[in-house]
Amino acid sequence: MSHDSLKHLTEMDPQTLEDLIAKYGQEVWNFAYSITKNRSMSDDIAQDVFIQVYRHVTSFRGEASVKTWLMKITRNISYNYRNTAFFRRVLLVGITSNDYSHSAEQSFIEKEAANNVWKQVFTLPLKFREVLVLHAKYQLSLKEIASILQVPEGTVKSRLFGARKRMSALLKEEWS
Amino acid sequence: MNQPNPDWYGALQDNPLKEQTFTDQLASKITINAISSTRKTASIPRRLSFIGLAMACVLGLILFTNERETIKPTVTTSSTPADNSEWQQLVNQQSPGYDVLYVRDYSDKSTLVFSKRITKVTGIPVIARRNDPPGVQVITLRVDNFEPTMQQWQPWQWGGTVSTGFRVDKDGIFYERAEDKLITAGGGLETTTLFYGIVVDSDISEVRVTDGQGIQHSATIIPYQEGYTYWFAPLPFHRDEKYTVQGLDSHGNIITS
Chain X
0 MSHDSLKHLT EMDPQTLEDL IAKYGQEVWN FAYSITKNRS MSDDIAQDVF IQVYRHVTSF
60 RGEASVKTWL MKITRNISYN YRNTAFFRRV LLVGITSNDY SHSAEQSFIE KEAANNVWKQ
120 VFTLPLKFRE VLVLHAKYQL SLKEIASILQ VPEGTVKSRL FGARKRMSAL LKEEWS
Chain F
0 MNQPNPDWYG ALQDNPLKEQ TFTDQLASKI TINAISSTRK TASIPRRLSF IGLAMACVLG
60 LILFTNERET IKPTVTTSST PADNSEWQQL VNQQSPGYDV LYVRDYSDKS TLVFSKRITK
120 VTGIPVIARR NDPPGVQVIT LRVDNFEPTM QQWQPWQWGG TVSTGFRVDK DGIFYERAED
180 KLITAGGGLE TTTLFYGIVV DSDISEVRVT DGQGIQHSAT IIPYQEGYTY WFAPLPFHRD
240 EKYTVQGLDS HGNIITS
């Protein structure tokens with residue numbers, strides 16, 4: 000999905016939406032989960048992100064990459080979910096089988112994280128975690144991360160330094 | 000950041016969890032909902048469509064049939080500040096083609112309207128998978144929350160929509176969730192939690208939702224003429240609770256949980 004193919008669109012067609020979901024769906028979900036640590040909420044957030052994209056493709060002006068644009072929307076929606084009452088949003092099917100409590104999800108992560116590094120990432124404070132994920136997993140530049148977080152680059156740099164330092168300590172402790 | 004990236008950066012290229020999280024089913028669900036939500040907003044003035052949180056949920060049932068839904072609904076009504084045709088009209092002002100299944104007072108100030116729509120997907124079957132045959136159908140389940148204004152009843156707080164797609168073969172078997180005897184969707188408003196869905200197993204005569212405090216709530220069962228039976232259960236709000244949905248037969252035996 001190139002910048003140019005989206006930035007001139009005034010209305011998104013279903014096929015473009017499908018292509019976007021196929022290409023970025025997992026990435027959007029992963030970032031939402033990195034923020035919320037809640038699978039059901041991440042399902043909802045991923046959906047809201049693509050609904051917003053479908054409705055408001057004109058908000059993409061090509062100044063950032065499609066991925067950066069999507070990550071910014073994902074972060075905004077994820078924070079909204081975190082900050083508003085849990086049931087203000089419609090939940091996905093499967094609500095009955097999910098446990099939304101923090102401790103339950105943390106236990107789940109302990110068992111189901113893809114590897115030990117991810118497991119430790121989820122123990123970081125959110126401000127460290129999101130910067131680290133955007134830098135390490137999504138390989139975004141400090142400038143792009145600053146744009147997503149709407150903070151100065153220096154702040155991003157400082158948080159990234161802190162996150163790496165904390166992670167190094169955690170991993171060293173685990174491996175020793 | 001002039002320092003080289005640490006060695007452990009590579010491990011973060013994996014997805015965070017071992018399990019597959021962004022599934023084809025979720026992708027289909029999102030596609031359905033994105034398209035249907037856009038249709039909704041295009042049909043009414045923005046100032047009306049976004050005045051609050053109502054809830055809509057889409058259950059996509061992809062059927063291998065070309066017949067279009069034409070049967071009139073059987074409406075179960077517990078309270079009708081306006082008659083059913085008015086509710087039907089109000090719902091269809093949000094998005095056309097819905098049949099009202101059930102109306103229930105939510106509070107002194109608002110009313111929940113549960114409705115469904117069956118539509119045939121035309122053109123590129125974006126809601127289906129790419130290799131699905133043409134002529135698929137989608138069942139959309141929806142709950143709107145209306146409140147009275149000085150002049151008329153209007154949607155009360157319009158919120159996001161969520162959808163899911165269940166593929167069904169020509170015999171009505173959910174081949175991706177063949178074991179499911181009861182399809183459940185959930186959502187909520189500020190002071191109530193909503194559960195609703197479709198009864199797949201005809202042996203199920205009662206649907207019971209148990210909240211985290213062990214209190215049991217019976218759902219309203221809504222048989223419908225096209226063959227599906229729907230159910231709807233608005234519950235008192237409890238945050239961070241586990242809910243259990245059970246389908247029971249006429250003898251009270253639990254068929255599915």
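Same order as they appear, the protein sequences are chains X and F.
Its first residue numbered 0, the first sequence is counted upward by one per residue in numbering that gives the first Met the number 0.
Its first residue numbered 0, the second sequence is counted upward by one per residue in numbering that gives the first Met the number 0.
No residue lacks a Cβ here, since even glycine has one placed at the ideal position from N, Cα and C.
Query raised in the report: In whole angstroms, what is the alpha-carbon distance linking Ala162 of chain X and Lys156 of chain X?
Result: In the first sequence, residue 162 of chain X corresponds to position 163, counting from 1. In the first sequence, residue 156 of chain X corresponds to position 157, counting from 1. Rounded to the nearest angstrom, the two C-alpha atoms are 10 Å apart.
Query - Contact with chain X by Glu18 of chain F, beta-carbon distance below 9 Å - result: Here the question's residue 18 of chain F lines up with position 19 in the second sequence. Judged by the 9 Å Cβ criterion, Glu18 of chain F is in contact with chain X.
Query - Contact with chain F by Pro13 of chain X, beta-carbon distance below 9 Å - result: Within the first sequence, the letter at position 14 stands for residue 13 of chain X. It does: the Cβ of Pro13 of chain X has a partner Cβ on chain F nearer than 9 Å.
**Report entry** Between the CA atoms of Ile182 of chain F and Pro233 of chain F - distance to the nearest angstrom
**Finding:** Taking the first residue of the second sequence as 1, we reach residue 233 of chain F at position 234. Taking the first residue of the second sequence as 1, we reach residue 182 of chain F at position 183. Pro233 of chain F and Ile182 of chain F: Cα-Cα distance of roughly 16 Å.
Query raised in the report: Buried or exposed: Glu173 of chain X, going by 16 or more other Cβ atoms within 10 Å of its Cβ?
Result: On the first sequence, position 174 is the one that residue 173 of chain X refers to. Glu173 of chain X counts as exposed, since fewer than 16 other C-beta atoms from the protein chains shown sit within 10 angstroms of its C-beta.
Report task. Give a yes or no on contact between the region 32 to 46 of chain X and the region 64 to 72 of chain X, applying the rule of three or more CB pairs nearer than 8 Å. Result -> With the cut-off at 8 Å, the region 32 to 46 of chain X and the region 64 to 72 of chain X do not touch.
Query raised in the report: Beta-carbon of Glu109 of chain X versus every beta-carbon of chain F: anything under 9 Å?
Result: Residue 109 of chain X sits at position 110 when you count from the first residue of the first sequence. Residue contact check for Glu109 of chain X against chain F: no CB pair falls below 9 Å.
Requested in this report: Would you verify that the beta carbon of Glu129 of chain X is, or is not, closer than 9 Å to some beta carbon of chain F?
Outcome: The residue you call residue 129 of chain X lines up with position 130 of the first sequence. Glu129 of chain X does not count as touching chain F.
**Report entry** Ala26 of chain F versus Leu123 of chain X: straight-line alpha-carbon distance, rounded
**Finding:** Indexing the second sequence from 1 puts residue 26 of chain F at position 27. Indexing the first sequence from 1 puts residue 123 of chain X at position 124. CA-to-CA, the gap between Ala26 of chain F and Leu123 of chain X works out to about 29 Å.
Query raised in the report: Does DSSP classify Asp23 of chain F as helix, strand or coil?
Result: By 1-based counting over the second sequence, the position of residue 23 of chain F is 24. DSSP places Asp23 of chain F in helix when its eight states are reduced to three.
Report task. Put Tyr97 of chain F into one of helix, strand or coil per three-state DSSP. Result -> By 1-based counting over the second sequence, the position of residue 97 of chain F is 98. Looking at Tyr97 of chain F - three-state DSSP - the assignment turns out to be coil, as it is neither helix nor strand.
Report task. On a CA-only basis, which of F:Ile203, F:Ser84, F:Ile220 and F:Asp210 is nearest Gly246 of chain F? Give me that one, please. Result -> Taking the first residue of the second sequence as position 1, residue 246 of chain F is located at position 247. Residue nearest to Gly246 of chain F within the set F:Ile203, F:Ser84, F:Ile220 and F:Asp210 is F:Ile203 (criterion: CA-CA distance).
Query raised in the report: How about Pro95 of chain F: is its C-beta nearer than 9 Å to some C-beta of chain X?
Result: Position 96 of the second sequence, counted from the first residue, corresponds to residue 95 of chain F. Residue-level contact by beta carbon fails for Pro95 of chain F and chain X, as no gap is shorter than 9 Å.
Query raised in the report: CB-CB under 8 Å to Leu170 of chain X, same chain, minus the five flanking residues each way: which ones, in chain order?
Result: Along the first sequence, one-based indexing puts residue 170 of chain X at 171. So the qualifying residues of the chain are Asn115, Val116 and Gln119.
Requested in this report: Mind checking which residues open and close the beta strand (DSSP E) that includes Tyr229 of chain F?
Outcome: In the second sequence, counting from the first residue as 1, residue 229 of chain F sits at position 230. Looking at the DSSP string, the run of the beta strand (DSSP E) that includes Tyr229 of chain F is Thr228 to Pro235.
Query - Cβ pair Thr228 of chain F, Ser256 of chain F closer than 9 Å - result: As a position in the second sequence, residue 228 of chain F is number 229, starting the count at 1. As a position in the second sequence, residue 256 of chain F is number 257, starting the count at 1. It is not a contact, given that the beta carbons lie outside the stated cut-off.
Query raised in the report: chain X beta carbons: is any one of them nearer than 9 Å to that of Tyr105 of chain F?
Result: The residue you call residue 105 of chain F lines up with position 106 of the second sequence. No, Tyr105 of chain F does not count as interfacial toward chain X.
Query raised in the report: Out of F:Ile220, F:Gln19, F:Val244 and F:Val112, which has the shortest C-alpha to C-alpha gap to Asp211 of chain F?
Result: Counting from 1 along the second sequence, the entry for residue 211 of chain F is found at position 212. The sequence shown places Gly at residue 211 of chain F, not Asp. That would be F:Val244, whose Cα lies nearest to the Cα of Gly211 of chain F.
Query raised in the report: For Leu16 of chain F, which of X:Arg158, X:Ser41 and X:Leu133 has the nearest alpha-carbon?
Result: As a working note, residue 16 of chain F is residue 17 in the second sequence. X:Ser41 is the residue among X:Arg158, X:Ser41 and X:Leu133 whose C-alpha sits nearest the C-alpha of Leu16 of chain F.
Query raised in the report: Looking only at DSSP bridge pairs, what is Pro222 of chain F linked to?
Result: If you number the second sequence from 1, residue 222 of chain F lands on position 223. For Pro222 of chain F, which the question treats as bridged, DSSP gives the partners F:Thr228.
Report task. Starting from the Cα of Ser249 of chain F, find the closest Cα among F:Gln224, F:Phe231 and F:Ile220 and give me that residue. Result -> Sequence index remark: in the second sequence, residue 249 of chain F carries index 250 (1-based). Checked all of F:Gln224, F:Phe231 and F:Ile220; the closest Cα to Ser249 of chain F is F:Ile220.
**Report entry** Limits of the unbroken alpha helix (DSSP H) element including Ser146 of chain X
**Finding:** The sequence position of residue 146 of chain X within the first sequence is 147, counting from 1. Per DSSP, the unbroken alpha helix (DSSP H) holding Ser146 of chain X starts and ends at Leu141 to Leu148.
Query raised in the report: For Phe73 of chain X, which residues from the same chain have a beta carbon less than 6 Å from its beta carbon, with the 5 sequence-adjacent residues on both sides left out?
Result: For this step, residue 73 of chain X is matched to residue 74 along the first sequence. One point to set straight first is that residue 73 of chain X is Thr, not Phe, in the sequence displayed. Sequence-distant Cβ neighbours of Thr73 of chain X in its own chain, meaning closer than 6 Å and more than five residues away, are Val27, Phe30, Ala31 and Val48.
Query raised in the report: Looking only at DSSP bridge pairs, what is Gly161 of chain X linked to?
Result: Locating residue 161 of chain X in the first sequence gives position 162, where the first residue counts as 1. Per DSSP, Gly161 of chain X has no beta-bridge partner at all.
Query raised in the report: When burial is assigned at 16 or more other CB atoms within 10 Å of the CB, is Lys115 of chain F buried or exposed?
Result: Numbered from 1 along the second sequence, position 116 holds the residue referred to as residue 115 of chain F. It is buried - the Cβ of Lys115 of chain F has at least 16 other Cβ atoms within 10 Å.
Query raised in the report: Between which two residues does the beta strand (DSSP E) carrying Leu247 of chain F extend?
Result: On the second sequence, residue 247 of chain F is found 248 positions in, with the first residue counted as 1. That run of the beta strand (DSSP E) goes Thr243 to Leu247.
Report task. Please check the pair Phe127 of chain X and Arg158 of chain X, which I expect to be a contact at CB under 8 Å, by giving their CB distance rounded to whole angstroms. Result -> Residue 127 of chain X sits at position 128 when you count from the first residue of the first sequence. Residue 158 of chain X sits at position 159 when you count from the first residue of the first sequence. In this structure, Phe127 of chain X and Arg158 of chain X form a Cβ contact; the two beta carbons are roughly 6 Å apart against a cut-off of 8 Å.
Report task. Could you tell me whether the Cβ atoms of Glu186 of chain X and Ala45 of chain X are closer together than 9 Å? Result -> As shown, chain X starts at 0 and ends at 175. That puts residue 186 of chain X outside it, with no answer to give.
Query raised in the report: Below 9 Å between beta carbons: does that hold for Asp143 of chain F and Leu100 of chain F?
Result: As a first step, residue 143 of chain F is located in the second sequence; it is residue number 144 there, counting from the start. As a first step, residue 100 of chain F is located in the second sequence; it is residue number 101 there, counting from the start. For the pair Asp143 of chain F and Leu100 of chain F, the CB atoms are not nearer than the 9 Å cut-off.
Query raised in the report: So Gln215 of chain F is in the beta strand (DSSP E); what residue range does that whole segment cover?
Result: Looking up residue 215 of chain F in the second sequence gives position 216. Start and end: Gln215 to Ser217.
**Report entry** 9 Å Cβ cutoff met for Phe145 of chain F and Leu193 of chain F
**Finding:** As a first step, residue 145 of chain F must be located in the second sequence, where it is residue number 146. As a first step, residue 193 of chain F must be located in the second sequence, where it is residue number 194. Cβ distance not < 9 Å, so Phe145 of chain F and Leu193 of chain F don't count as in contact.
Query raised in the report: Got a sec: is the Cβ-Cβ distance from Gln46 of chain X to anything in chain F below 9 Å?
Result: For this step, residue 46 of chain X is matched to residue 47 along the first sequence. With respect to chain F, the C-beta atom of Gln46 of chain X has a partner C-beta closer than 9 Å.
Query raised in the report: Is Leu47 of chain F buried or exposed, if buried means 16 or more other CB atoms sit within 10 Å of its CB?
Result: Here the question's residue 47 of chain F lines up with position 48 in the second sequence. Per-residue confidence for Leu47 of chain F stands at a pLDDT of 27, beneath the threshold of 50, marking its modelled position as unreliable; no derived number is given.
Query raised in the report: Would Val116 of chain X count as contacting chain F if we go by Cβ distances under 9 Å?
Result: To locate residue 116 of chain X, count along the first sequence from 1; it is residue 117. With 9 Å as the cut-off, Val116 of chain X counts as an interface residue toward chain F.
Query - Own chain, CB closer than 7 Å to Leu139 of chain X, minus 5 neighbours either side, in chain order - result: Stepping through the first sequence from its first residue, residue 139 of chain X is reached at position 140. Setting aside the 5 residues that flank it on each side, Leu139 of chain X is surrounded in the same chain by Thr67 and Leu133, each with a C-beta closer than 7 Å to its C-beta; the list follows chain order.
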